Each structure stands twice: as structure tokens, then as C-alpha cells.
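Working notes, beginning with the structure itself.
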Amino acid sequence: MKRTMLYLSLLAVSCSVSAAKYPVLTESSPEKAGFNVERLNQMDRWISQQVDAGYPGVNLLIIKDNQIVYRKAWGAAKKYDGSVLMEQPVKATTGTLYDLASNTKMYATNFALQKLMSEGKLHPDDRIEKYIPGFADSPNDTIKGKNTLRISDLLHHSGGFPADPQYPNKAVAGALYSQDKGQTLEMIKRTPLEYQPGSKHIYSDVDYMLLGFIVESVTGQPLDRYVEESIYRPLG
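Count the sequence shown with mature numbering (1 follows the signal peptide of the UniProt record, and there is no 0) and you get residues -19 to -1, 1 to 217, in order.
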């Protein structure tokens, strides 16, 4: 629970898709938008109960036809300092910005992969070495198998990589230390496997870092720019 950060950070209900980059939002009300106010009140009470039971904080935004019809914040934006419960948690507001952290695995990398696969530009069974030149076992690697790794292995978190080598942290990464994007890819190539690919599932940041590099290899664009221009901007 101490590390659980449950946030309904955004719920966007949209009944129209705008071609504009950033549509102009106006204020409205649930009643005018046709929402059942009592159902919203029930939801409010339920979320309050969850926060009282220990969930840190919740933010909810409902948009319909480019109109903001409901927004509210519950609980705390920051409840723990590390693993220690704060005496005075930072209150959540409707303007609170949250670190999405690994949610970006879904909202950026996975969305991009799904789009590219739907267009026939990628396949789950494609080998990683097809898109990452020089991706291969090192002679001294105890566990071999990088040449067999497929996109699906990375999606399943069964690629054999450690959970989090912490490349930007020199004290942890050691010889694999890097704070440069291109250099980090080289460090990933040098990272030894910890288990035989496909033999088990271990949540790994390395798997999704590689998937992001694959998206960039196929599209010729940085991952953030690709999802902005190809997915989010067309959605308005």
C-alpha cells in the first residue's frame, strides 16, 4: 500500500473527435450535458470511501463535446516521503500534475506498437536484431539468447533482462552507466541476460526501453513525437 499510487488521473468522455491540435474547452455542468447527477454523487461517495480506506488520491475529469462537465480531486497528491507516511500530506487539486511513470509504457510505447502492427510495419514474432543493429550476445555472456528475442518476448516481460539496471545511476549501473540516450542503447546491448528468454516473466524496464527504440527505428522519429503526431494530435 505504501508504494501504491492509485490515481484516476484522467477520464475523458468524448462524443466527437476534433481535428484541431488543442480544442478549446468551455465550462458546462453535468445536468446540461445529460449526466445522471445522482450517479455522479454515488461515484463521489464511493471514491471518498476508497480514499478514506487508504488510497492516496484520485483526480477525475469528464469532458463531453469539448465541454468540461465534471472535475474533482480527492485525497493527497503526495502522501508518502519515500516509505514514510507524511504527517501533513500534500493535498490533491484539480491542477495537480502527476508523474505517469510506467503508465507511459501503455500510453506511448504500446499504443505506438499497436498502430505499427495494424499497419503491417511490425509483427510480434519479429526478432529484436532486425531493428536494433548489433543486438547480440557477448562472448562472455553466461546466458545466451539475445538473437532469439522477439517483440512478443519483450511485451510479455520475458526477455531475460534484469528488472531495472538503473543506467543513469552510476553507483548502481557501474560499467553500464549512461545518461545519454544513444549511449544507453549501447549499454542495453551490453547488459547480460539474467535468465533464459521465455522461461519466466519478470517486469523489466529494459524490455520497454528496447520496444521504444524499435518504434523509433521503424518510424524514424523520437517516440514522443511519433505518438503526438500519429495518435494524440489526430484525436484532438
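Yeah, the Cβ is synthetic: ideal placement off N, Cα and C, and Gly gets one too.
Please read these numbers as outputs of a predicted model, since none were measured by experiment.
- By the CB criterion at 7 Å, T75 and A58 fall outside the cutoff.
- Residue pairing by DSSP places Y51 opposite I43 in a beta bridge.
- In the three-state reduction of the DSSP assignment, Y61 falls in the strand class, which pools E and B.
- Between P4 and N47 the beta-carbon gap is near 5 Å, inside 8 Å, which marks them as a contact.
- Per DSSP, reduced to three states, the secondary structure at T123 is coil, with no helix or strand assignment.
- Non-local beta-carbon contacts of S139 in its own chain, meaning distances under 7 Å to residues more than five positions away in sequence, involve P178, G179, K181, H182 in chain order.
- Residue pairing for T165: DSSP places it in no beta bridge.
- Within the same chain, Cβ atoms closer than 6 Å to the Cβ of I109 are found at F116, L130, the five residues on either side in sequence being excluded.
- Looking at the backbone, the Cα of Y88 and that of I43 are separated by about 19 Å.
- Residues of the same chain with a CB within less than 6 Å of the CB of D205, apart from the 5 flanking positions on each side, do not exist.
- In the three-state DSSP reduction, L94 falls in the helix class (H, G or I).
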